[in-house]
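Numbering (the UniProt record's numbering), first residue to last: 1 to 341.
Don't be surprised by glycine CBs; every beta carbon is placed ideally from N, CA and C.
Since this is a predicted model, take the numbers as computed values, not measurements.
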């Protein structure tokens with residue numbers, strides 16, 4: 001083993017150890033002073049770009065088939081240094097100053113980045129320890145997959161402020177809510193299509209021990225259709241809050257973070273409700289989940305009430321945004337109460 005190879009292995013090990021230190025839940029880095037959001041955001045984006053470049057260089061010079069150990073030393077040092085700097089930079093984002101939603105987004109980003117960089121460095125360490133250098137340099141090689149993963153994380157857009165972070169969270173939740181609504185629609189379509197099939201039809205799956213999944217009975221199907229209608233009403237309500245409430249730049253940090261939390265709570269409640277609809281259904285469990293779903297909607301409505309004066313100044317056609325949202329809440333509650341009885 002050459003001296004350059006040994007030094008490269010030490011440098012790779014340092015990258016892994018640096019990432020481990022950052023990922024340690026007890027890792028502490030207290031900011032020396034509070035800096036403006038613009039400055040620390042710019043620093044964070046710059047460090048992500050530097051890490052992206054270092055990952056690219058390391059991947060190129062440590063190609064298993066023909067590694068250039070001496071050329072790898074500088075970018076490996078950059079990986080260690082910039083990884084540590086990224087962590088310290090992220091600690092300057094403070095929940096009480098810059099917003100908890102933005103801070104959480106950045107924490108997730110740093111965590112994902114460190115895991116991706118660590119996996120790449122470990123991949124090269126595994127190559128050095130095994131001595132197997134059959135990689136082709138094609139996209140399917142493990143080190144190429146690890147490189148692509150790191151690139152994807154490091155080029156992720158970072159919200160410029162807490163309002164942008166909350167809007168991003170709300171938008172992602174809206175897409176997931178729509179997925180749940182579509183999932184229930186597919187349950188209904190499957191059940192309806194089964195009713196149209198001939199009773200004596202045999203597709204042969206039972207002989208293989210792969211019988212069809214249990215289908216909704218008539219009562220379950222009717223209940224599922226009603227809940228599907230509830231989820232349909234929630235879609236425009238959730239989206240309207242994104243388009244009419246979240247653009248309000250006057251919202252304080254606490255309100256923004258509370259809105260983000262309620263959106264996630266609504267998504268979780270929706271997911272639990274959808275999961276309870278699969279056959280065989282437990283009516284009591286569905287009632288519990290639907291009650292929880294209604295409670296989350298109630299908390300969201302309470303959160304919006306203090307914004308009444310601001311919403312009243314916004315118009316949707318001939319009516320105010322506040323009136324539209326209130327009407328939508330009322331329709332959802334009515335539909336929920338019909339199912340709950």
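Simplified DSSP state of residue i, which is helix, strand or coil
i, result
"residue 318", "For residue 318, the pLDDT reaches just 44, beneath the cut-off of 50, and the residue's location in the model is therefore unreliable, although a value from the coordinates is still provided. In this structure, residue 318 counts as coil in the three-state DSSP scheme."
"residue 2", "coil"
"residue 261", "helix"
"residue 72", "helix"
"residue 159", "coil"
"residue 298", "helix"
"residue 171", "helix"
"residue 278", "coil"
"residue 190", "helix"
"residue 80", "helix"
"residue 130", "helix"
"residue 246", "coil"
"residue 235", "helix"
Assumed close pair residue i, residue j - CB separation to whole angstroms, cut-off 8 angstroms
i, j, result
"residue 120", "residue 156", "16 angstroms between Cβ atoms; not a contact."
"residue 86", "residue 51", "7 angstroms"
"residue 299", "residue 262", "6 angstroms"
"residue 101", "residue 169", "6 angstroms"
"residue 79", "residue 97", "Incorrect: roughly 30 angstroms between the Cβ atoms, too far for contact."
"residue 249", "residue 163", "7 angstroms"
"residue 339", "residue 290", "6 angstroms"
Nearest-angstrom Cα separation, counted from residue j out to residue i
i, j, result
"residue 218", "residue 228", "15 angstroms"
"residue 82", "residue 44", "10 angstroms"
"residue 153", "residue 116", "8 angstroms"
"residue 178", "residue 328", "17 angstroms"
"residue 61", "residue 8", "11 angstroms"
"residue 285", "residue 175", "25 angstroms"
"residue 159", "residue 192", "44 angstroms"
"residue 214", "residue 307", "47 angstroms"
"residue 237", "residue 278", "25 angstroms"
"residue 128", "residue 1", "10 angstroms"
"residue 294", "residue 325", "15 angstroms"
"residue 171", "residue 235", "12 angstroms"
"residue 15", "residue 281", "51 angstroms"
"residue 19", "residue 254", "32 angstroms"
Threshold first: 4 residues or longer. Then list the alpha helix (DSSP H) segments lying entirely within the stretch 85-125, N to C. For the stretch 85-125, whole alpha helix (DSSP H) runs of length 4 or above, ordered along the chain, are 95-98.
What are the start and end residues of each continuous alpha helix (DSSP H) run of 4 or more residues lying completely inside the stretch 17-76, in chain order? 37-61, all fully within the stretch 17-76.
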